[in-house]
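Peer 1: In order, the protein sequence lines correspond to chains F and Z. Those letters in the first sequence? Residues 1 to 330, by full-length UniProt numbering. Those letters in the second sequence? Residues 1 to 337, by full-length UniProt numbering. Structure in structure tokens, see below.
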Amino acid sequence: MAETNSTFDATDDRDSTSDGSAATRSELYREWLDVTVLAPLRIAWNDWRTKTGSLIILFYVLMGTVGLYLVPAPTQGQGPRLTGPFQSMSYPLGTDNLGTSLLSDIVYSTPPVLKMILAGAVFSTIMATIVGTVSGYKGGTVDSVLTTFTDIAMTIPGLPLIILLIAVFEPESPYVIGVFLVINSWAGLARSIRSQVLSIRDHSYVEVSRIMGASTPKIIVDDVLPNIMPYVLINFVNSARGVIFGSVALFYLGFLSGFSNNWGITLNEAFTNAAIYSLDGIYWLLFPMIAIVGLSFGLVLFAQGTEKLFNPRIRARHADAVDDTAPYEE
Amino acid sequence: MYIIKRLGQAFVTFVAVITITFGLIRAIPGGPADHIRAQVMRNRGSQGVSMAEINSLTETYTNYDPSTPVYVQYFDYVTNILQGDLGESMSYPTRSVSDIIIQAAPWTIFLLTMAILLTFAMGIVLGAVMAYREGSQFDTGSTVLSMFMNSVPYYVAALLLVYVFSIQLSIFPQSGNYAVGLEPGLTPIFIADVFYHATLPIASLVLTGFGGVAITMRGNSIQEIGEDYIRVAHLRGVPGRRIAVRYVGRNALLPMYTNLMISVGFMFGGSIILEQIFAYPGLGNYLLQALNNSDYPLMMGIFIVITAAVLICILIADLTYGLIDPRVSAGEGKEAY
């Protein structure tokens, strides 16, 4: 704690700058940055889950950027066929049945996956939050229309629809595929956000804002959103996870062409080439699995760790309430 | 009144979904009509096949006649589907799409029902206990485990389970829904065998799914424990068990209830890859074959059935919503702001 605080002197200075003398523009910006960005990051960083999660995500980002310069591109015959892992420095994770280095395979699969995740998670979160909050808060006709729209999106079976869309539009860009992969998963999130907003909309402070004549967008942003932010953030990461799961599944089933490497393709090759029938070949199956699970574990950890950040009031109240209300402690 | 309105909404949704799928099928390059034409030409040579014949064949298979204007095609298509006629399968001659679906659907429904019930039962109990022991070692351990299990895609778990339990240890069968040569029927042997074959597919869904439910349940419970009314109830001297079940449990479960219904849809979509791995003859497996063989009528039929199933689940969730949480009285008292 102590050493992190020293970097953020702006927080401590705030009282002295704000009492009377006009703060300069840069001071204001610095203060704004500190309050809205740095302070939450600092809080989040104190949670081991966020810390581990961020490190894992950072590792994958580095793998998808710097890694491309450190590891040679995968080609056939980089080494002898079906070499076990940790036997040679030029293919540390071993090779597949065509002599391709598994490490190269896994590293070069990362950039498209990261792009898909980014596009998919951003799209689905924004879509779900807007539709969910407006529909839940406004009620009436707006709600009916938006709910019907959400229902339609949610009802269409996800994976088959995505496969069809990809067959029809043949997207090449990972960003477009990312959006396709969440084409209807935002709807589930929008639905749950709506059901949360339904109970928030009648809370007393929301009612006060309404009586004071605040506009709907203002109430949604100021009173409703902060309540569901942790939920939204966790779901941002959940949809990122959904994109990983979906894309790897599509690659595994062979519906996405145009990319030469993907963890799913490696998984499929390992499975169909009977690597699974002998203990010697299991590394071929395990490494892509580790790559997939690792990234999604990093995302989940990150989301869970930031939970505290967006709901300090409930956590704080809970902290002193838990001792005397926990039923098992009677 | 609300029920009628909600049923109407569901109907509109269903027709919209059919419309979208109709549009998609027509938009696919080399759609059903082309496909049927190619098949007929290949079988009989280019002579002796009239356009009219191909059109009528297309109509048998896909429920619309390509020689008529689009709005007539659309109308025919929708009315046929609403009457339960899903067309003929192209890759399984002699079998209608409805036949295939009626035969395959029970298997998928069986798998998914078992998986969903187990996932939620395990998740809810674990999550509730975690919330009450918040901060304890049990909580930390279970949280990490839940998060980790939740990070594993169900198909990765499936592949691993197949590897360990079917191939290496030979404890469970690798594929199929019941042993070859076993007479289907309501005999104890058959039922036991069906469960035996379903163990690994169900396990891969449950093992990777319960963690998410547990974490959500834990979060909801902790949030509820922090609410004022719990404190008041405690001060009033309401017994702890009653607070746990009636107060916290009930309110923490509300958001999960919609999740339960939504996960039905997710699992239906997911059954495609799960059933592929286990060669389980359910809807997902047929859908995959239909996609691979460009069997458009079968594809569409399974689409529509899955859609209808999900729609019904959501409808049930909506209509029973008010029973679980009276604050959200079934829509009527919900004024617009």
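Glycine included, each C-beta is placed from N, C-alpha and C at the ideal position. These numbers come from a predicted model, not from an experiment.
Please report whether the beta-carbon of Asp151 of chain F lies at a distance below 7 Å from any beta-carbon of chain Z.
Peer 2: Answer yes: the Cβ-Cβ gap between Asp151 of chain F and chain Z drops below 7 Å somewhere.
Peer 1: What would DSSP say about Glu88 of chain Z, mapped onto helix, strand or coil?
Peer 2: Strand, per DSSP.
Peer 1: Is there contact between the stretch 148-165 of chain Z and the stretch 285-300 of chain F, where contact requires at least three CB pairs shorter than 8 Å?
Peer 2: Flag = yes, the stretch 148-165 of chain Z and the stretch 285-300 of chain F touch.
Peer 1: Leaving out five residues before and five after Arg246 of chain Z in sequence, what residues of the same chain have Cβ atoms less than 8 Å from its Cβ?
Peer 2: Closer than 8 Å at the Cβ level, and outside the excluded window around Arg246 of chain Z, lies no residue.
Peer 1: Give the straight-line distance between the Cα atoms of Glu269 of chain F and Ser257 of chain F, rounded to the nearest whole angstrom.
Peer 2: Straight-line Cα distance between these residues: approximately 14 Å.
Peer 1: Assuming Ile152 of chain F and Ile183 of chain F make a contact with CB atoms under 8 Å, what is their CB distance in whole Å?
Peer 2: That belief does not hold up - the Cβ atoms of Ile152 of chain F and Ile183 of chain F are roughly 12 Å apart, past 8 Å.
Peer 1: For Ala16 of chain Z, decide whether its Cβ has a neighbour in chain F, counting only Cβ atoms nearer than 7 Å.
Peer 2: Yes, its Cβ sits closer than 7 Å to a Cβ of chain F.
Peer 1: What residues from chain Z crowd round Leu285 of chain F, counting only those whose CB sits closer than 9 Å?
Peer 2: Chain Z residues near Leu285 of chain F: Leu159, Leu160, Tyr163.
Peer 1: Confirm, please, whether the CB-CB distance from Gly127 of chain Z to Met217 of chain Z is below 7 Å.
Peer 2: In contact: Met217 of chain Z and Gly127 of chain Z (Cβ atoms closer than 7 Å).
Peer 1: With which residues is Ser96 of chain Z paired in a DSSP beta bridge?
Peer 2: Note: Ser96 of chain Z sits in a beta bridge opposite Z:Glu88.
Peer 1: Along the chain, where does the alpha helix (DSSP H) containing Pro69 of chain Z start, and where does it finish?
Peer 2: No alpha helix (DSSP H) contains Pro69 of chain Z, which DSSP labels as neither H nor E.
Peer 1: Between the Cα of Ile228 of chain F and the Cα atoms of F:Val134, F:Arg42, F:Pro174, which residue gives the shortest distance?
Peer 2: That would be F:Val134, whose Cα lies nearest to the Cα of Ile228 of chain F.
Peer 1: Please confirm if the stretch 167-176 of chain Z is in contact with the stretch 112-127 of chain Z, defined as three or more CB-CB distances below 8 Å between the two stretches.
Peer 2: Judged by Cβ distances under 8 Å, the stretch 167-176 of chain Z makes no contact with the stretch 112-127 of chain Z, as fewer than three pairs qualify.
Peer 1: Answer with yes or no whether the minimum CB distance from Ser173 of chain F to chain Z is below 7 Å.
Peer 2: So no, Ser173 of chain F is outside the interface.
Peer 1: Verify the CB distance criterion: does Met127 of chain F have a CB-CB separation below 7 Å to chain Z?
Peer 2: No, its Cβ sits nowhere closer than 7 Å to a Cβ of chain Z.
Peer 1: Pairs of beta-carbons, one from the stretch 207-220 of chain F and one from the stretch 157-174 of chain F, closer than 8 Å: are there three or more?
Peer 2: No contact exists between the stretch 207-220 of chain F and the stretch 157-174 of chain F.
Peer 1: Can you list, in chain order, the residues of its chain with a C-beta nearer than 7 Å to that of Pro312 of chain F? Leave out the 5 residues immediately preceding and following it.
Peer 2: Residue placement at Pro312 of chain F cannot be trusted, given a pLDDT of 48 that sits under 50; what the coordinates show is reported in the next sentence. Excluding positions up to five away in sequence, the list is empty.
Peer 1: Under 6 Å Cβ to Cβ from residue 338 of chain Z, same chain only, skipping five residues before and after it: list those, please.
Peer 2: Residue 338 of chain Z lies beyond the stretch modelled for chain Z, which goes from 1 to 337, so this question has no answer here.
Peer 1: For the stretch 142-155 of chain Z, enumerate the residues whose C-beta is nearer than 7 Å to any C-beta of chain F, in chain order.
Peer 2: Residues Met147, Phe148, Asn150, Ser151, Val152, Pro153, Tyr155.
Peer 1: For Phe268 of chain Z, decide whether its Cβ has a neighbour in chain B, counting only Cβ atoms nearer than 7 Å.
Peer 2: As a matter of chain content, chain B is missing from the structure shown, whose protein chains are F and Z.
Peer 1: Run through the stretch 97-143 of chain Z for me and flag every whole alpha helix (DSSP H) of 4 or more residues, listed as ranges in chain order.
Peer 2: Listed in chain order, the complete alpha helix (DSSP H) runs (minimum 4 residues) inside the stretch 97-143 of chain Z are 97-132.
Peer 1: Would you kindly work out how many angstroms separate the C-alpha atoms of Pro93 of chain Z and Thr208 of chain Z, rounded to a whole number?
Peer 2: Computed Cα separation, rounded: 38 Å.
Peer 1: With H, G and I counted as helix, E and B as strand and the rest as coil, what does DSSP make of Thr95 of chain F?
Peer 2: Strand.
Peer 1: Report yes or no: do the stretch 14-25 of chain Z and the stretch 67-84 of chain Z share at least 3 C-beta pairs separated by less than 8 Å?
Peer 2: Counting Cβ pairs under 8 Å, three or more are found: they touch.
Peer 1: Could you check what DSSP says for Ser88 of chain F in three-state terms: helix, strand or coil?
Peer 2: Note: Ser88 of chain F maps to coil in three-state DSSP.
Peer 1: Determine which residues share a DSSP beta bridge with Ser101 of chain F and list them.
Peer 2: DSSP lists F:Thr95 as partners of Ser101 of chain F.
Peer 1: In its own chain, which residues sit with a C-beta less than 8 Å from the C-beta of Gly249 of chain Z, not counting the 5 before and 5 after it?
Peer 2: Ala128, Ser221.
Peer 1: Does Leu311 of chain Z get closer than 7 Å to chain F when you measure Cβ to Cβ?
Peer 2: Judged by the 7 Å Cβ criterion, Leu311 of chain Z is in contact with chain F.
Peer 1: Is there contact between the stretch 59-77 of chain F and the stretch 245-252 of chain F, where contact requires at least three CB pairs shorter than 8 Å?
Peer 2: Too few Cβ pairs lie closer than 8 Å, so no.
Peer 1: Would you check whether the ligand NAD has a heavy atom nearer than 6 Å to the C-beta of Leu126 of chain Z?
Peer 2: With respect to the ligand NAD, the structure shown offers nothing to examine, as it has no ligands at all.
Peer 1: Runs of 3 residues minimum, wholly inside the stretch 206-244 of chain Z: which ones carry the beta strand (DSSP E) assignment?
Peer 2: The stretch 206-244 of chain Z contains no whole beta strand (DSSP E) run of 3 or more residues.
Peer 1: For the stretch 138-158 of chain F against the stretch 184-204 of chain F, do three or more pairs of beta-carbon atoms, one drawn from each stretch, fall closer than 8 Å, so that the two count as touching?
Peer 2: Yes, the stretch 138-158 of chain F touches the stretch 184-204 of chain F.
Peer 1: Please report the distance separating the alpha-carbon of Val64 of chain F from that of Thr272 of chain F.
Peer 2: Rather than Val, the amino acid found at residue 64 of chain F in this sequence is Gly. Rounded to the nearest angstrom, the two C-alpha atoms are 27 Å apart.
Peer 1: Between Ala10 of chain F and the rest of its own chain, which residues show a CB-CB distance below 6 Å, the 5 nearest in sequence each way excluded?
Peer 2: For Ala10 of chain F, the predicted model reports a pLDDT of 44, less than 50, meaning its position is unreliable; a value from the coordinates is still stated below. So the list reads Arg30, Glu31, Asp34, once near-sequence residues are dropped.
Peer 1: Within 10 angstroms of the Cβ of residue 351 of chain F, are there 16 or more other Cβ atoms? Answer buried if so, exposed if not.
Peer 2: Residue 351 of chain F lies beyond the range of chain F shown here (1 to 330); nothing can be said about it.
Peer 1: How would you label Val232 of chain F, buried or exposed, when you count the other beta carbons within 10 angstroms and need 16 or more for buried?
Peer 2: Result: buried.
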